[in-house]
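Presented below is the structure to which this report refers.
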Amino acid sequence: MKIAITGSTGLIGSRFADLFKDKHKLFHVNLSSGADITDRKALHGLLSRANPSLILHLAAKTNVDGCEKDKNSDITDLKDQGVYVNNEVDLGSLKTENWKDKTTAFAVNVVGTKNLADWARENNVKIIYVSTDFVFDGGKEDLYEEIDDPNPINWYGQTKLWGEKSINDSGLIVRPAYPFGYKSLAKKDFIWTIIELLETRDSIKLMLWALIF
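Going by this note's numbering, the first residue of the sequence shown is number 164, and it counts up by one from there.
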């Protein structure tokens, strides 16, 4: 199978790339291959030439604090474009070309995802979108289920939720919490970060703000 993969140098993406490299033909969607996911025209042309059977979308702006810093400028741009009303974005009226080459949370997590999803829908290609548990507010005591209503409390979670909405019935949405277990050269996961800290310190302080199952 020919798989177009975004975010193949990240924590999760690098693992998928390693697992799939000998079993499938991978096409890496990145600047090196000729397209930024925020550039709709270039991206669609690239995908049409590559003609993948599946899109695995892992690229995202994931730094929560960094995303929060983008919030005001993102909202200002959305309001200027007339697509932001009552804290919601009209994705159907969103002109993605206005976000070309931008690196804000909305540009990467929403516009980039919408550009991929639109091509997938138009070409009858399934897309797997890796979202996040940050679409929830964390207030539920039990495990979250697919039927639970999202309620993001930060800009990262909100942009990932809008990314989900752009997917709709075009593919599969996955909401991982804390991926771990593989020592990625690209990015340390939570477990390996703790292990490396404990190798050099007698004790460390942690903030308990989430339940991990």
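Think of the CB as a built atom: it goes at the ideal place given N, C-alpha and C, for glycine as much as any other residue.
Asked, Found
"Which of the three DSSP states is assigned to Gly197 in this structure?", "coil"
"May I ask whether a heavy atom of the ligand PLP can be found less than 7 Å away from the beta carbon of Lys184?", "Because no ligand of any kind appears in the structure shown, any question about the ligand PLP cannot be addressed here."
"Nearest to Lys242 by CA position, among Gly229, Asp228, Leu257, is which residue?", "Leu257"
"Could you compute how far the alpha carbon of His207 sits from the alpha carbon of Glu304?", "42 Å"
"Does the distance from the CB of Tyr292 to the CB of Ile330 come in under 8 Å?", "yes"
"Straight-line CA distance for Ile238 to Ala270?", "11 Å"
"How about Leu189 and Ile218: do their beta carbons lie closer than 8 Å?", "no"
"Exposed or buried, Ile358, counting other C-beta atoms within 10 Å across all chains shown (16 or more means buried)?", "exposed"
"Looking only at its chain, what residues have a beta carbon closer than 8 Å to the beta carbon of Asn317, apart from the 5 residues adjacent to it on each side?", "Val227, Cys230, Glu231, Phe297"
"Please classify Ile168: does DSSP put it in a helix, a strand, or coil?", "strand"
"Please report the Cβ distance between Thr259 and Val246, rounded to the nearest whole angstrom; I am assuming they are in contact, meaning their Cβ atoms lie under 8 Å.", "Between Val246 and Thr259 the Cβ distance is about 11 Å, and since that is not below 8 Å, they are no contact."
"DSSP three-state label for Gly334, please.", "strand"
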